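Enquirer: Residue numbers (this note's numbering): 43 to 416. For glycine and all other residues, C-beta sits at the position ideal for the given N, C-alpha and C. Here the structure is a predicted model, which means the values were calculated and not measured. Got a structure for you, questions after.
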């Protein structure tokens, strides 16, 4: 792990016996002693605690901050009141996805929470387009971020946080005190369970982590469990399922693009593809048997023709089967469609879905909802 950046929780992970890996240049826990499947199951059953300090936090402030971000992001910030967040995208002029992120409107300005691997790229892109009257500040190295996810999360935080976050709506945020530290509590997550993400001063993150971990029912969970949980929900991972070569319509993210709000980077390309229709679409699937599907494996139709490709895969203890995500020809992207994945010379049957493989239990999410946030 020499040469990798460390979060303020690295010592805590090592004491807990975590296996650390290189993730976007950070030494991050992929799993703890119980293993990925057990950690994921515990999040679905009670509550898991995740280190997300590798994520990027960018503040955008100034008199023209809203107008600037309206021209850079796909969602409509005028619909966002103070203390609320929304999922949104950064696009390039060709309509490709530069990043998927969450933006908060707070009293002091706008907080953008971006992916670790794209932080520098996002910063450069925003700075390139930044007008006078707008300040773009990277506070990633000053901001710790941990997530408490699972059906017990609300009850746990209600015991520790002042004020209690129990009344927070989904995508709502408020200031609170936890373990004597000032924390921004956000009712967001990347697991499909009710839960919270906690922003705290970098050096104070261990105190909040330890206070949460001391509560009954809370267990640490690594990136492996987080990846499996988001895959069960059909949430895309940047760099695997979405990237600059994919468009919002292909990725099933057209719902966070609001062309009627006015000009923004990528709008014209989005409208052109919307009129023509995308040639491929992102899907989820369950596999009948065999080894887990891997990124790059081809997807085959009944005639033996390659009609798509896997982008993510894993074994779901909840579904009790291998599951995956990928892209297929748009005409085949329908729930129930039977195809096959070709894995090392074997063809294994799969059945497509168009979203979550597990019912979301986030507060305010309706059955069949497709809300995604880290």
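Name the DSSP beta bridge partners of residue 350, please?
Expert: Within the chain shown, the letter at position 308 stands for residue 350. For residue 350, which the question treats as bridged, DSSP gives the partners 341, 370.
Enquirer: So what does DSSP say about residue 315, is it helix, strand or coil?
Expert: Along the chain shown, read from residue 1 onward, the residue named residue 315 stands at position 273. Here residue 315 sits in helix by DSSP.
Enquirer: Output needed for residue 10: all residues of its chain with C-beta closer than 8 Å, excluding positions within five of it in sequence on either side, in chain order.
Expert: With the chain covering only 43 through 416, there is no way to say anything about residue 10.
Enquirer: Quick one: Cα of residue 200 to Cα of residue 179, how far?
Expert: Here the question's residue 200 lines up with position 158 in the chain shown. Here the question's residue 179 lines up with position 137 in the chain shown. Spanning the two alpha carbons is a distance of roughly 32 Å.
Enquirer: Taking only the alpha-carbon atoms, compute the straight-line gap between residue 254 and residue 99 and give it to the nearest angstrom.
Expert: Here residue 254 is taken as the residue at index 212 of the chain shown, counted from 1. Here residue 99 is taken as the residue at index 57 of the chain shown, counted from 1. The straight-line gap from Cα to Cα measures roughly 22 Å.
Enquirer: Could you name the residues of the same chain whose beta carbon sits closer than 7 Å to that of residue 105, not counting the 5 residues immediately before and after it, in chain order?
Expert: Position 63 of the chain shown, counted from the first residue, corresponds to residue 105. Excluding sequence neighbours, residue 105 sits near 175.
Enquirer: Please state whether DSSP places residue 425 in a helix, a strand or coil.
Expert: Look at the range of the chain in this structure, 43 to 416, and you will see that residue 425 is not part of it.
Enquirer: Would you mind sorting residue 409 into buried or exposed? The rule is 16 or more other CB atoms within 10 Å of its CB.
Expert: Walking along the chain shown from the start, residue 409 turns up at place 367. With a pLDDT of 28 at residue 409, under the threshold of 50, the predicted position of this residue should be treated as unreliable, though the coordinate-derived value follows. Classification for residue 409: exposed.
Enquirer: Please report how far the alpha carbon of residue 192 lies from the alpha carbon of residue 370, in whole angstroms.
Expert: As a working note, residue 192 is residue 150 in the chain shown. As a working note, residue 370 is residue 328 in the chain shown. Near 32 Å, if we compare the C-alpha coordinates of residue 370 and residue 192.
Enquirer: Report yes or no: do the stretch 277-284 and the stretch 156-173 share at least 3 C-beta pairs separated by less than 8 Å?
Expert: yes
Enquirer: CA-CA distance, residue 214 and residue 317?
Expert: To locate residue 214, count along the chain shown from 1; it is residue 172. To locate residue 317, count along the chain shown from 1; it is residue 275. Cα to Cα, residue 214 sits roughly 34 Å from residue 317.
Enquirer: Whole angstroms are fine: how far does the CA of residue 195 sit from the CA of residue 64?
Expert: Residue 64 sits at position 22 when you count from the first residue of the chain shown. Residue 195 sits at position 153 when you count from the first residue of the chain shown. Approximately 28 Å between the Cα atoms of the pair.
Enquirer: Determine, using beta-carbon pairs with one atom in the stretch 385-402 and one in the stretch 70-85, whether at least three such pairs fall under 8 Å.
Expert: no
Enquirer: Alpha carbons only, please: which of 350, 349, 45, 52 is nearest the one belonging to residue 245?
Expert: Reading the chain shown from its first residue, position 203 is the one you call residue 245. Taking residue 245 as reference, the option from 350, 349, 45, 52 with the minimal CA-CA separation is 52.
Enquirer: Decide if residue 274 is buried, meaning its Cβ has at least 16 other Cβ atoms within 10 Å, or exposed.
Expert: Position 232 of the chain shown, counted from the start, is the residue given in the question as residue 274. Classification of residue 274: buried, given that the 10 Å Cβ count is 16 or more.
Enquirer: Evaluate residue 184 with the Cβ neighbour count: other Cβ atoms within 10 Å of its Cβ, from every protein chain shown; 16 or more gives buried, anything less gives exposed.
Expert: Here residue 184 corresponds to residue number 142 of the chain shown, with the count starting at 1. So residue 184 counts as exposed.
Enquirer: Could you check whether the stretch 328-337 touches the stretch 351-370, counting it as contact only if at least three pairs of C-beta atoms, one from each stretch, sit closer than 8 Å?
Expert: yes
Enquirer: Is the distance from the Cβ of residue 187 to the Cβ of residue 94 below 7 Å?
Expert: Here the question's residue 187 lines up with position 145 in the chain shown. Here the question's residue 94 lines up with position 52 in the chain shown. Taking 7 Å as the Cβ cut-off, residue 187 and residue 94 qualify as a contacting pair.
Enquirer: Distance, Cα to Cα, residue 154 vs residue 388?
Expert: In the chain shown, residue 154 corresponds to position 112, counting from 1. In the chain shown, residue 388 corresponds to position 346, counting from 1. Their backbone Cα atoms lie some 44 Å apart in a straight line.
Enquirer: Can you check whether the CB of residue 89 is closer than 7 Å to the CB of residue 259?
Expert: In the chain shown, residue 259 corresponds to position 217, counting from 1. In the chain shown, residue 89 corresponds to position 47, counting from 1. For the pair residue 259 and residue 89, the CB atoms are nearer than the 7 Å cut-off.
Enquirer: In or out: residue 262 buried (at least 16 other Cβ within 10 Å) or exposed?
Expert: One-based indexing of the chain shown puts residue 262 at position 220. Buried, by the Cβ-count rule.
Enquirer: Assign residue 68 to buried or exposed, taking buried as 16 or more other Cβ atoms, counted over all protein chains shown, within 10 Å of its Cβ.
Expert: Mapped onto the chain shown, residue 68 falls at position 26. Residue 68 comes out buried.
Enquirer: Could you please give the first and the last residue of the uninterrupted alpha helix (DSSP H) stretch that includes residue 78?
Expert: To locate residue 78, count along the chain shown from 1; it is residue 36. From DSSP, the alpha helix (DSSP H) with residue 78 extends over 78-87.
Enquirer: Starting from residue 110, follow the alpha helix (DSSP H) in both directions and report where the run begins and ends.
Expert: Locating residue 110 in the chain shown gives position 68, where the first residue counts as 1. Start and end: 107-112.
Enquirer: What does the Cβ neighbour count give for residue 413, buried or exposed, with the cut at 16 atoms within 10 Å?
Expert: By one-based count along the chain shown, residue 413 stands at place 371. Note on residue 413: pLDDT 48, under 50, position unreliable in the model; the coordinate value appears next. So residue 413 ends up on the buried side.
Enquirer: Among 49, 61, 54, which residue has its Cα nearest to the Cα of residue 266?
Expert: Indexing the chain shown from 1 puts residue 266 at position 224. Of 49, 61, 54, the residue nearest in Cα terms is 61.
Enquirer: I'd like to know whether the C-beta atoms of residue 140 and residue 134 end up nearer to each other than 7 Å.
Expert: Translated into positions along the chain shown, residue 140 becomes position 98. Translated into positions along the chain shown, residue 134 becomes position 92. Yes; because the gap between Cβ atoms is below 7 Å, this pair is in contact.
Enquirer: Helix, strand or coil: how does DSSP classify residue 408 here?
Expert: Within the chain shown, residue 408 is the residue found at index 366, counting from 1. The predicted model places residue 408 with a pLDDT of 33, which falls under 50 and marks its position as unreliable, so this point remains unresolved.
Enquirer: Let me confirm a value: residue 177 is counted as buried when at least 16 other C-beta atoms fall within 10 Å, else exposed. Which label applies?
Expert: Within the chain shown, the letter at position 135 stands for residue 177. Classification for residue 177: exposed.
Enquirer: State the Cα-Cα distance for the pair residue 377 and residue 197, rounded to the nearest angstrom.
Expert: Residue mapping note: residue 377 aligns to position 335 of the chain shown, counting from 1. Residue mapping note: residue 197 aligns to position 155 of the chain shown, counting from 1. Cα to Cα, the separation comes out at about 36 Å.
Enquirer: What do you reckon, are the CB atoms on residue 130 and residue 115 nearer than 7 Å?
Expert: Residue numbering aside, residue 130 sits at position 88 when the chain shown is read from its first letter. Residue numbering aside, residue 115 sits at position 73 when the chain shown is read from its first letter. Taking 7 Å as the Cβ cut-off, residue 130 and residue 115 qualify as a contacting pair.
Enquirer: Under a three-way DSSP split, which group does residue 283 fall into?
Expert: Translated into the one-based positions of the chain shown, residue 283 becomes position 241. Three-state DSSP puts residue 283 in coil, outside helix and strand.
Enquirer: For residue 231, which residues from the same chain have a beta carbon less than 8 Å from its beta carbon, with the 5 sequence-adjacent residues on both sides left out?
Expert: As a first step, residue 231 must be located in the chain shown, where it is residue number 189. Answer for residue 231: 189, 191, 237, 238, 239, 404, 415, 416, listed in chain order.
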